[in-house]
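So the structure is just underneath, and the comments pick up after that.
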Amino acid sequence: MTMMNKIVSEIVDVLLSLPEGTELATSDVIKHLYGHEYLTCGDYEINGEVYGFEDFFEIDARVHKLAKKRGLILDDSKYDGMARGLPFHIPFVVRKRK
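Residue numbering for the sequence shown follows the numbering used here, starting at 14 and increasing by one per position.
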């Protein structure tokens, strides 16, 4: 398992543990797990590897994909059509698929 896949898996594990209806963003879980306050344009070290700003786009996309595989819906429809910011900062509501 690559380090990025490990990070994605750890994020999805947190999402699976949350109560249905919790609203947060991928960056909120990264802050919780790895202590980074706010992801901007710098490089960030996670588990001994450096991730650039563009890597967080990939992490967020993989989180959404793995969450779906593991039975979650990350519903960000509340923000459809809004210029809200970077994908990994856009909140979603965690729902379990029925």
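Ideal placement from N, C-alpha and C gives every residue a C-beta, glycine not left out.
For R75, there is no enclosing beta strand (DSSP E); the residue is found in the alpha helix (DSSP H) stretching over 66–82.
For D89, same chain residues with a beta-carbon under 6 Å away, outside a window of 5 residues either side, are I103, F105 in chain order.
Cβ contact annotation for P100 (same chain, cutoff 7 Å, sequence separation greater than five): F70, D73, in chain order.
The DSSP-derived three-state label of L87 is strand. Sequence-distant Cβ neighbours of K81 in its own chain, meaning closer than 7 Å and more than five residues away, do not exist here. A Cβ-Cβ distance of about 7 Å is found for the pair L85 and L29, placing them in contact under the 8 Å criterion. Going by beta carbons, V76 and T39 fall inside the 7 Å limit. Under DSSP, E58 shares a beta bridge with V63.
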